[in-house]
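K.L.:
In my numbering, the protein residues as written are 1359 to 1784.
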């Protein structure tokens, strides 16, 4: 049977401009500038003048500190910019830590082909893994920049943490809320730094999931890195922390400067049938009919037929001790023309980390940008969308992050190639 499908690639959204730059992990917009953290070295962080949406231009670029790191996340408050430093190809390279154990297990005569099969990599990858293991990695952390001159960022501080280094994070005028590996722990934890002196950030607090602090005598009830902090968002006197395959936690952030580890005010753990991890969770800034709601999104990975894709949850969080999902939203594969093509990862990833209305701007990898209205939290409605064309190299889009400027324009960042500047007309 032959069936033709006509795809509507955009509704209520049009492209105003495009910048053909290397792909990135995060975009944030402040005033007339967009800040992009690029996915792969040697690209690092770009500052882009977007005052003319039709002709965005890069005004400055700062590279990663070394060839083994990427700096794919960025935050800006006023004239202070923070960029992460994380080991590039971290999940792949950490497989090298298992080689010695496998050689002991398989015997001294084990071949590289046998080791590779056990690790799930190619035989040609073994020398690369062994070289990275011998080299080690100590560059992980974050850097603080003075960006009062948008053409010449000035590095104020480079704080080294541990292990992989820093992944996603949040910041405000007072603190940086860093998700990082730290010595003595397994997986990323929350480390809060005081930014009173941006040239010398000072650690003031930590929080971790029970079982992560190996040096403190704790024992994880899980294997590997499946339970860890992805990142925590500051919302008033709370921190909303996505903890990967353990769902999310709401932390009391009213007294972070005391050094006393934040108390967990609420938690939600998804059923085991949900395959994808929690990427981001935040409450709406305003109540709806007197009740408080939050949005959570799971991150899609390599999809296995028969399993659910990563999708969006709408949570009633009026009572933090009894949080419950009231609705979910997913996108059918039939909405995406790129399904089945090489590199077409499809499913939820991230939403704009500011929920100041009932509109949720979410990236869906190959599904592009989806805009939901949750005015009725039990029945989210898609009101606009934009699916980018293939990249300059012919690969399908992989929409990774999104922000909305003060002027209402939408800035959509592709994981592999390009920044889109969009206008929504509802």
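The beta carbon of each residue, even a glycine, is placed where N, CA and C say it ideally should be.
Given the structure is predicted, the values throughout are model-derived calculations rather than measurements.
Report buried or exposed for residue 1396, applying the criterion of at least 16 other Cβ atoms within 10 angstroms of its Cβ.
P.N.:
Residue 1396 is buried by the Cβ-count criterion.
K.L.:
For a test of the three-state rule: what should DSSP assign to residue 1561, helix, strand or coil?
P.N.:
Strand, per DSSP.
K.L.:
Fully enclosed by the stretch 1512-1562, which beta strand (DSSP E) runs are 3 residues long or longer?
P.N.:
Here the runs fully enclosed are 1512-1518, 1524-1529, 1533-1538 and 1547-1552.
K.L.:
Counting pairs of beta carbons, one from the stretch 1535-1545 and one from the stretch 1565-1573, are three or more of them closer than 8 Å?
P.N.:
Yes: the two stretches touch, three or more of their Cβ pairs being nearer than 8 Å.
K.L.:
Taking only three categories from DSSP, how would you classify residue 1669?
P.N.:
Residue state, collapsed to three classes: coil.
K.L.:
Using the Cα positions of residue 1775 and residue 1701, report the straight-line distance between them to the nearest angstrom.
P.N.:
Computed Cα separation, rounded: 13 Å.
K.L.:
For the stretch 1468-1475 against the stretch 1525-1539, are there 3 or more C-beta pairs whose distance is under 8 Å?
P.N.:
Touching, no.
K.L.:
Mapping the DSSP letters down to three states, classify residue 1740 as helix, strand or coil.
P.N.:
DSSP places residue 1740 in strand when its eight states are reduced to three.
K.L.:
Classify residue 1587 as helix, strand or coil using the three-state DSSP reduction.
P.N.:
Three-state result, residue 1587: coil.
K.L.:
How do the stretch 1621-1633 and the stretch 1577-1590 stand: do at least 3 beta-carbon pairs fall below 8 Å, yes or no?
P.N.:
The stretch 1621-1633, when compared against the stretch 1577-1590, does not touch it at the 8 Å Cβ threshold.
K.L.:
Among 1504, 1391 and 1418, which has the Cα closest to the Cα of residue 1440?
P.N.:
The option with the nearest alpha carbon to residue 1440 is 1504.
K.L.:
Go to residue 1461, then tell me how far its beta strand (DSSP E) extends in each direction, as first and last residue.
P.N.:
No beta strand (DSSP E) holds residue 1461; the alpha helix (DSSP H) holding it covers 1457-1464.
K.L.:
Quick one: grab the DSSP three-state call for residue 1483.
P.N.:
Helix, per DSSP.
K.L.:
Would you call the stretch 1402-1412 in contact with the stretch 1545-1555, where contact means no fewer than 3 C-beta pairs closer than 8 Å?
P.N.:
Because the criterion of three Cβ pairs below 8 Å is not met, the stretch 1402-1412 and the stretch 1545-1555 do not touch.
K.L.:
Three or more C-beta pairs closer than 8 Å, one from the stretch 1430-1439 and one from the stretch 1449-1464: is that the case here?
P.N.:
Short answer: they don't touch.
K.L.:
Specify the secondary structure class of residue 1490 as computed by DSSP and reduced to three states.
P.N.:
Residue state, collapsed to three classes: helix.
K.L.:
Can you tell me which of the three DSSP states residue 1645 falls into?
P.N.:
The answer is coil: DSSP assigns residue 1645 none of H, G, I, E or B.
K.L.:
Grouping DSSP H, G and I as helix and E and B as strand, with all else coil, what is residue 1363?
P.N.:
Residue state, collapsed to three classes: coil.
K.L.:
List the whole-angstrom C-beta distance separating residue 1777 from residue 1394, where the pair is believed to meet the contact cut-off of C-beta under 8 Å.
P.N.:
Confirmed, about 6 Å.
K.L.:
Judging by CA-CA distance, which residue of 1501, 1629 and 1658 is the nearest neighbour of residue 1429?
P.N.:
Nearest option by C-alpha distance: 1501.
K.L.:
Round the Cβ separation of residue 1633 and residue 1666 to the nearest angstrom and send it over; I've been treating them as touching at under 8 Å.
P.N.:
Confirmed, about 6 Å.
K.L.:
Here's the rule: buried if 16 or more other CB atoms are within 10 angstroms of the residue's CB, otherwise exposed. What is residue 1658?
P.N.:
Buried: at least 16 other Cβ atoms inside 10 Å.
K.L.:
Helix, strand or coil, according to DSSP, for residue 1784 in the structure here?
P.N.:
It is coil, neither helix nor strand.
K.L.:
Hey, could you find the ends of the beta strand (DSSP E) residue 1771 is sitting in?
P.N.:
Taken as a continuous stretch (DSSP letters only), the beta strand (DSSP E) holding residue 1771 covers 1768-1772.
K.L.:
Excluding the 5 residues flanking residue 1365 on each side, which residues of the same chain have their C-beta closer than 6 Å to its C-beta?
P.N.:
Excluding residues within five positions, the ones whose Cβ falls inside 6 Å are 1695.
K.L.:
Between the stretch 1556-1564 and the stretch 1513-1527, can you find at least three pairs of beta-carbon atoms closer than 8 Å?
P.N.:
Yes, since at least three Cβ pairs between the stretch 1513-1527 and the stretch 1556-1564 fall closer than 8 Å, the two stretches touch.
K.L.:
Measure the C-alpha to C-alpha separation of residue 1784 and residue 1482 and round it to an integer number of angstroms.
P.N.:
When rounded, the distance between both Cα atoms is 52 Å.
K.L.:
Measure the alpha-carbon distance for residue 1360 versus residue 1692 and round it to whole angstroms.
P.N.:
Residue 1360 and residue 1692: Cα-Cα distance of roughly 15 Å.
K.L.:
When the Cα of residue 1410 is compared with those of 1432, 1598, 1376 and 1433, which residue comes out closest?
P.N.:
Of the listed residues, the one whose Cα sits closest to residue 1410 is 1376.
K.L.:
What is the rounded straight-line gap between the Cα of residue 1686 and the Cα of residue 1729?
P.N.:
Taking the straight line from one Cα to the other gives about 14 Å.
K.L.:
If distances are taken between C-alpha atoms only, which option among 1754, 1717 and 1739 comes closest to residue 1761?
P.N.:
Of the candidates 1754, 1717 and 1739, the one whose C-alpha sits nearest the C-alpha of residue 1761 is 1717.
K.L.:
Output the boundary residues of the beta strand (DSSP E) element that contains residue 1596.
P.N.:
Residue 1596 -> beta strand (DSSP E) spans 1596-1600.
K.L.:
So, under 8 Å CB-CB, residue 1723 and residue 1705 are touching, yes? Tell me the CB distance rounded to an integer number of Å.
P.N.:
Yes, residue 1723 and residue 1705 are in contact; Cβ-Cβ is about 6 Å, under 8 Å.
K.L.:
Around the Cβ of residue 1592, are there at least 16 other Cβ atoms within 10 angstroms (buried) or fewer (exposed)?
P.N.:
Buried is the call here.
K.L.:
Start and end of the alpha helix (DSSP H) containing residue 1474?
P.N.:
Per DSSP, residue 1474 belongs to the alpha helix (DSSP H) from 1470-1477.
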